[in-house]
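In what follows, a structure is listed as structure tokens, so that the remarks can point back to it.
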Amino acid sequence: MDRRDFFKIVSTASAGALAGCGNHTGKVIPLLVPEHEIVPGEEQWHPAACTECAAGCGTLVRVMEGIRTIERGGETVRQRVAAIKKIEGNPLDPISGGRLCARGQASVQSLYHPDRLRGPMRRSGERGQARFAAVSWEEALGQAADEIARQCGADPLGIVFVAGPEPGTRSLAIQRFTAALGAPAPVVCSIADHAVERRAADMVFGWKGLPVYDLARAHCTLSVGADFLGGWASPVYYARQFGAFRQGRSNVRGRLIHAESRLSLTAAAADRWLPLSPGSEVQFLAAIGHLLLDARLARNTDALPKQVAAAFQSADPGALLASCGLAEKRVRELVRELGESEAPLVLAGASLVHTNSLDAVAASHYINLMLGNVGEPGGVLAPASAAAPGRRPHDSLPDGLPGQQPAPNRAAAEGLAGAQVVLIDSANPVYTMPRSAGVRDALARAKLVIALGSFTDDSAAWADLLLPDHHPLESAMAVVPAVSRQLAAVVSTPFVEPLYDTRAVESTLADLARRIGVEYSPVTPRDIVEPLLAQPSAAGGATYDDVARQGGIWLDAPPAEPRLAGVALELASARFEGDPAQYPFLFQPYLSLEFHDGRGANLPWLQELPDPASSSIWGLPVEIDPQTAAKLRVANGDMVRVESPHGSLEAPAYVHPGAVPGVASMAIGDGHEHYSRYASGRGANPLAILAPVWEKSTGALALGATRVRLARAGGSRGWIQFAAPDREERPFGRR
Amino acid sequence: MTHTQHRWGMAIDLDRCTGCAACVVACHAENNLPVSTPELAAEGRTAHWIRIDRYYQGEFPDVKVKYMPVLCQQCDEAPCEPVCPVYATYHNPEGLNVQVYNRCVGTFYCANNCPYTVRYFNWFAPQWPEPLPLQHNPDVAIRPGGVMEKCTFCIQRIKRSKEDAAQEGRPLADGEVRPACVQSCPAEAMVFGDLNDPESKVSRLAGNGRATKLLEELGTKPKVFYLHKAT
Chain A
1 MDRRDFFKIV STASAGALAG CGNHTGKVIP LLVPEHEIVP GEEQWHPAAC TECAAGCGTL
61 VRVMEGIRTI ERGGETVRQR VAAIKKIEGN PLDPISGGRL CARGQASVQS LYHPDRLRGP
121 MRRSGERGQA RFAAVSWEEA LGQAADEIAR QCGADPLGIV FVAGPEPGTR SLAIQRFTAA
181 LGAPAPVVCS IADHAVERRA ADMVFGWKGL PVYDLARAHC TLSVGADFLG GWASPVYYAR
241 QFGAFRQGRS NVRGRLIHAE SRLSLTAAAA DRWLPLSPGS EVQFLAAIGH LLLDARLARN
301 TDALPKQVAA AFQSADPGAL LASCGLAEKR VRELVRELGE SEAPLVLAGA SLVHTNSLDA
361 VAASHYINLM LGNVGEPGGV LAPASAAAPG RRPHDSLPDG LPGQQPAPNR AAAEGLAGAQ
421 VVLIDSANPV YTMPRSAGVR DALARAKLVI ALGSFTDDSA AWADLLLPDH HPLESAMAVV
481 PAVSRQLAAV VSTPFVEPLY DTRAVESTLA DLARRIGVEY SPVTPRDIVE PLLAQPSAAG
541 GATYDDVARQ GGIWLDAPPA EPRLAGVALE LASARFEGDP AQYPFLFQPY LSLEFHDGRG
601 ANLPWLQELP DPASSSIWGL PVEIDPQTAA KLRVANGDMV RVESPHGSLE APAYVHPGAV
661 PGVASMAIGD GHEHYSRYAS GRGANPLAIL APVWEKSTGA LALGATRVRL ARAGGSRGWI
721 QFAAPDREER PFGRR
Chain B
1 MTHTQHRWGM AIDLDRCTGC AACVVACHAE NNLPVSTPEL AAEGRTAHWI RIDRYYQGEF
61 PDVKVKYMPV LCQQCDEAPC EPVCPVYATY HNPEGLNVQV YNRCVGTFYC ANNCPYTVRY
121 FNWFAPQWPE PLPLQHNPDV AIRPGGVMEK CTFCIQRIKR SKEDAAQEGR PLADGEVRPA
181 CVQSCPAEAM VFGDLNDPES KVSRLAGNGR ATKLLEELGT KPKVFYLHKA T
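Taken in sequence, the protein lines are chains A and B.
With our numbering applied, the first sequence corresponds to residues 1 to 735, in that order.
With our numbering applied, the second sequence corresponds to residues 1 to 231, in that order.
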């Protein structure tokens, strides 16, 4: 089917996908493209789901003929296969709206990656050395099942399943598997699961899930700590919203004021950037709340719980703003602008988690409440998961979906510490957890470590068995988007043959459960979609096939009123580990546009995508301000040593004109010990040197809570800048 | 120069653009761009038909960053065209600066003459480890070593849309042709269309008060319009 036909069919399938699936169309997209249906030069478009982050964008995939060279009987032969040429957004999906980010589009390179695992493997060297030998599925599954069964008999609590944050068929399968074994619930190990934002919405509004900010209809937006155009919750959705916010209305141009301790993509796009001291978001928001009340610009003061209003009123804006490193006069002007706006919005998040981030995001919700925009157009809206009437679709699944609940990194560290059998899927704890969290020691101590991913990454290097998954584009799956006003599931149906001797994790787990002899019902996308089809807002008569054909289901959810719990506002300062006298700088490892939490680093397209801040390619620098650079006597590309109380790294310096003085930032993505030819051994991992400090209520890893000292390391290696230097920044006239 | 039925142009609204680089990867995927290695990249041999230029302005704390996608400006008076000794770079009837790869002998004159530095030279034959070539778009030629290449406004997509419209016996609709960068842009900052059609979205944006052209003073008559950030 070509692209045009796809739209013809889906437009009859659902006149408005948001209203759910409509009539049966009679013509089904061929689910798997057989070789004889591949006509040279002809294209087919199939809907699929993007799994590069938790946003859950619906995609359209272009399939055409491809020629693959394989070895068969000692000879090299060329084989015609259905090959994926390009990934775009699915226009029917209200999240992606037909658009897709750089990482989503690059994910086709992980399908055709030269270093993908081609079949099951068993460790042949020491743990951590990443030396493996091929083994049959029968042998690998037999060994895994025996050892898991033995552990089940001895102590099922010693089985730890480390998983990613994306809810859907995968998380459900893992949850059923651990439940069947009597093992603890899977631990979600991710630095991109937004545990803080989820907890704050639950705490203040009683909403489960991430709130949806109606940016496109807001007039003046104050965003605090959320790099929503970069590596935050749903970058494509919010970039689409941002475009409409700015130039989508004939009479209003949205104005964006952004407060963050880094000149992020969002800060760059803003009309005003307020450079906050790291961790002072809650003090900043308390001052904003006070100034709004003080200037009588809070139009909905009555809605505010009394103790919260009192806390805002008793705040001292001068002292608070001074602790944020901001001038009070400038902030007062912006508060007036926000308060007088017809549709004001405060969008706060914790792109850089601090020990007090939960208080900051909670304070932002109270400010939205006093501005009267909760549940209103241009305001903060309830997520679909909060709004569904009666039985929520995922309630029919045991205990909901693990990704829907706050997923504390601290729990992952603690769980791993006593683990005997470890299974790892869609997570890379060795890379994303600080060295000081002891993940390596835990993996070295465990009796059995099984990795289920497609690559030998930093964590898989510690495995005894590799049971490689199909690529998501070769798999049947349903994904629940992280930020959605609609009750939604994005559905992907396999349409190309698996390239290698891999197996979907869902079927590997089912097979293991059968061999172990525990009761387990295999998971299919129908388990996620069918409860949605039973919703009152779903069109009658719609079937699973209709949903698969259009790539997902998106149902209107009625608005949910916030259930205010009246939690008190706390103004605790962020805690930083390290003696300020010895470690005078604050360190900010951040989720990057190109590599997210580090998982994109194995793709050559992303390695050569210039970093937005420094324009570096094939390597990431540590960003420091010009005064610090002058003191350290370093220029762009000179190696800098970054030392924390828990370790040190060396990276090239980038003298960033917008870096907050006293703060060193570094994008996450480099420093993989093992992650294919394109990432292994390249650069340094900023997460490795962090202190094991957690957000105080959720247990999320506090990315920004470590102090460091900086020193010139001498030499300059491996610094490649794509663009010409933006400024002359060589104060000492060297080179 | 007069153009036949269509005269393709693009408008890029910098008030919408976030610098997210979705367009850059979209272009790589669509046009079979060679993937560099760190060694080649260190020698400045990384090819990007579209790139995001960034400019820092002001001093901390009043620093601003400007991101700006820059691609071939498809000039009507293109400095790259008259210098090619073998007519590898020429102006097609729809206003595109077209590169004929099998004519190109790699003199580099066109790249020397381009004020926008959007031409990229294949110093070596590109290499893709197996099975990465399975991703290659069969609609776009793989360029050999020694050949200059650049943005084509996704001429293969223009052709495909024209063929689709012709098959259905109707004129091309405005917005029907979307180069890969335009198709991908989440903020909808990029708009492509026919400048001969005064009602097309791109024509209307080109007439917007915020619209300017890059290095217009050189007299190159670009067909890419940049809409400045509003204040």
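Cβ atoms here follow ideal geometry from the backbone N, Cα and C, with glycine treated the same way.
Just so you know, these numbers come straight off a predicted model, no measurement behind them.
Separation of residue j from residue i, as counted between CA atoms
i, j, result
"A:H471", "A:R62", "16 Å"
"A:A601", "A:Y675", "8 Å"
"B:E59", "A:V81", "55 Å"
"A:A17", "A:A55", "With a pLDDT of 38 at A:A17, under the threshold of 50, the modelled position of this residue cannot be trusted, and the question is left open."
"A:S665", "A:V622", "6 Å"
"B:Y109", "B:C84", "6 Å"
"A:E474", "A:S614", "36 Å"
"A:T76", "B:E130", "13 Å"
"B:T18", "B:V65", "10 Å"
"A:V353", "A:L569", "18 Å"
"B:E217", "A:D425", "56 Å"
"A:A489", "A:N636", "46 Å"
"A:A761", "A:T169", "The structure shown does not extend to residue 761 of chain A, since chain A spans only 1 to 735, so no value can be given for it."
"A:C220", "A:R68", "53 Å"
"A:G390", "A:H258", "The pLDDT assigned to A:G390 is 38, lower than 50, so where the model puts this residue is not dependable; a value taken from the coordinates is nonetheless given after this. When rounded, the distance between both Cα atoms is 38 Å."
"B:Y55", "A:G658", "11 Å"
"A:V679", "A:P604", "It should be pointed out that residue 679 of chain A corresponds to Ala in this sequence rather than to Val. Each residue's Cα considered, the two are about 9 Å apart."
"A:D638", "A:T266", "28 Å"
"A:W694", "A:L358", "11 Å"
"B:C185", "A:E88", "10 Å"
"A:D214", "A:Q241", "8 Å"
"A:Q175", "A:V479", "15 Å"
"B:E94", "A:G41", "24 Å"
"A:A510", "A:P522", "6 Å"
"A:C324", "B:R210", "36 Å"
"A:T25", "A:D545", "Bear in mind that a pLDDT of 31 at A:T25, under 50, signals an unreliable position, so the model cannot answer this."
"A:A49", "A:G98", "12 Å"
Exposed unless 16 or more other CB atoms sit within 10 angstroms - verdict on residue i
i, result
"A:R563", "exposed"
"A:R330", "exposed"
"B:V105", "exposed"
"A:I70", "exposed"
"A:Y112", "buried"
"A:S341", "buried"
"B:N102", "exposed"
"B:K150", "buried"
"A:D93", "buried"
"B:L215", "exposed"
"A:F587", "buried"
"B:H6", "buried"
"B:F153", "buried"
Where residue i meets chain B, residues with beta-carbon distance less than 8 Å
i, result
"A:T69", "E130 and P131"
CB-CB length for residue i against residue j, believed under 8 Å
i, j, result
"A:V135", "A:A412", "Incorrect: roughly 28 Å between the Cβ atoms, too far for contact."
"A:S96", "A:T59", "7 Å"
"A:A437", "A:F576", "So it is not a contact: roughly 17 Å between Cβ atoms."
"A:A360", "A:V282", "4 Å"
"A:G372", "A:N300", "3 Å"
"B:I50", "B:Y67", "With 8 Å as the limit, B:I50 and B:Y67 do not qualify as a contact, their Cβ atoms being about 12 Å apart."
Beta-bridge partners of residue i, as assigned by DSSP
i, result
"A:H365", "Per DSSP, none; premise fails for A:H365."
"B:D53", "B:M68"
"A:P47", "A:L60"
Listed by chain order, chain A residues near residue i by CB distance under 7 Å
i, result
"B:R16", "G243, R246 and Q247"
Chain-ordered neighbours of residue i on chain A, where CB pairs are closer than 9 Å
i, result
"B:E30", "K85 and K86"
"B:P179", "Neighbours of B:P179 on chain A: none; closest Cβ ~12 Å, over 9 Å."
Proximity test, Cβ basis, 9 Å: residue i and chain E
i, result
"B:E199", "Absent from the structure is chain E; the protein chains it does hold are A and B."
Closer than 7 Å at the beta carbon, the chain B residues around residue i
i, result
"A:I720", "P38, A41 and A42"
Contact set between residue i and chain B, taken where Cβ atoms lie within less than 9 Å
i, result
"A:R99", "A22, Q183, S184, C185, P186, A187 and E188"
"A:R240", "P186, A187 and E188"
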